[in-house]
Structure formats: structure tokens, C-alpha cells
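Going down the list, the sequences are from chains P and C. So the first sequence is numbered by our numbering: it starts at 921 and just counts up by one. So the second sequence is numbered by our numbering: it starts at 169 and just counts up by one. Here the structure comes first, spelled out in C-alpha cells, and everything after it is commentary.
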Amino acid sequence: AQSVAQPEDQVNVAEGNPLTVKCTYSVSGNPYLFWYVQYPNRGLQFLLKYITGDNLVKGSYGFEAEFNKSQTSFHLKKPSALVSDSALYFCAVRDEEGDSWGKLQFGAGTQVVVTP
Amino acid sequence: EAGVTQFPSHSVIEKGQTVTLRCDPISGHDNLYWYRRVMGKEIKFLLHFVKESKQDESGMPNNRFLAERTGGTYSTLKVQPAELEDSGVYFCASSQDGRLARELFFGEGSRLTVL
């Protein structure tokens, strides 16, 4: 069965510094990976996805993620963090059971705190 | 264009009572999903509708949970009777096509507190 892990409960970074949120996955077939973000009192918002193709995926709000097959990782990155990036970030993988692309398995989430 | 809307935003009930959560997906989205996040843990899939049909309900925890989507528009999720462990945030999401890797559009969630 597939799984996704976010090893850090919280990441603290100063504004202007690079931001990395880690995610590792385990799948038996092809990995279909997603990042979502939840801002305070808001629903989850899609950031980016990896289906196939280039290992570096660019998404919304200046975020990008690097798919690394050998390390089974899909870390989220932003070169220069903003205070407004403070939010809860979820990594997700498509559930391999069934044919629904919307059936995702989420990680536990990583709280990002960007300080001025 | 209106996003996914959920009602109520927060519900506080006592153990044994009934609660009904409602989700209005984005207009034209045939695919509707329910997820929940319990006690700050992972967000877990509950079920998937395609129009009015249940495509996948493998994540429904037990028969105290009943989801409907009459007419293929809005959906309701009823918990009856509610138990303490049902407390959490229930998210609804919709998408245009459930067969492709399209993004999910989530609502703000309905927080359920069972006392």
C-alpha cells in the first residue's frame, strides 16, 4: 500500500531565507504526488503536482518541488520565504486502489512559520 | 465563480446526537469528495461521488456515517449517532474530471466537536 510521510511537524524559517518542506513516499506503481497548502481558516489549496516528465515541478506562489525517484522524495521548496507563506502544508499521493484521481492519501502536515 | 462551500463551519453536539454537514461543490463539477482530519492527524479520504452515484466509499468509518448527493448537486454527510471520536474537521472537495490528475478544490471545512 502507498504511503506518504512528512518528517517535520514544524519548520521555522526567517523571511527571505530558503524554505524546504520534506516529503517522502512509498508506492508500488507510478507515483502521482501533490502538495496542498492550508492557510489559517481556509480550505486546502492546490500548489503543484508531479505526474510525469521533468523532475522539477513549478507551482503556485513561487513554490516548486523536486521529484527524486531514487530517494523517493518530493520536497517542496521556495527560494525566498515570505511571512505570508506561514501555513500548514500537506504532501499527498494518489491512492493506488481504484481509478479515482481524487482519492488521495495525505501526510500529517507540516506547519511552516516564517518570521519577519 | 463561487468555490466549494460547506455548512456549518462549526458544529458542537453531544454524544448520541445527529449532525448533518452540507457541501456545495463548484458548479459543473461532477466529482465530489469527502475527507476528514481527526485530532490533527492525516487527512483521510471518506468517499467519492460521481454525480449522484457513490464511486468509492471505502473510507467511510462505519454505518453511523451516511452520505448522499441527490440530484448530483450538493451533498450531505450525516453522522448518527455521533461519538466522541467523530470530532474533527470534515472537508469537501470537488473536481472536474475524476479520471485525470486534476486538482481538487476544497471547501473551508466543517469542524465537528462531539462532547
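Glycine residues also receive a C-beta, built at the ideal position from the N, C-alpha and C atoms.
Excluding sequence positions up to five before and after Tyr959/P, its CB lies within less than 6 Å of the CB of Ala1007, all in the same chain and listed in chain order. In this structure the stretch 1008 to 1017 of chain P does not touch the stretch 231 to 241 of chain C; the number of beta carbon pairs closer than 8 Å is below three. Burial of Thr1030/P is indicated by the presence of at least 16 other C-beta atoms within 10 angstroms of its C-beta. The shortest CA-to-CA distance from Val924/P to any of Gly936/P, Leu953/P and Pro938/P is the one to Leu953/P. Glu935/P sits in coil when the DSSP states are folded into three classes, being neither helix nor strand.
Tyr952/P sits in coil when the DSSP states are folded into three classes, being neither helix nor strand. DSSP, read as helix, strand or coil, puts Glu182/C in coil. For Glu236/C, no Cβ of chain P is located within less than 8 Å of the residue's own Cβ.
Considered as a whole, the stretch 234 to 281 of chain C harbours no complete run of any alpha helix (DSSP H) with no fewer than 4 residues. Contacts between Gly936/P and chain C, judged by CB atoms closer than 9 Å, are missing: the closest CB pair is about 29 Å apart. For Trp202/C, the enclosing beta strand (DSSP E) begins and ends at Asn199 to Arg205. With respect to the 8 Å criterion, Leu996/P and Tyr981/P are not classified as neighbours on the basis of their beta carbons.
The beta carbon of Tyr203/C sits closer than 7 Å to those of Ile211, Lys212, Phe213, Leu214, Phe259 and Ala261, all from its chain and outside the five residues before and after it, given in chain order.
Residue contact with chain C for Phe983/P: absent (no Cβ-Cβ distance below 8 Å to any residue of chain C).
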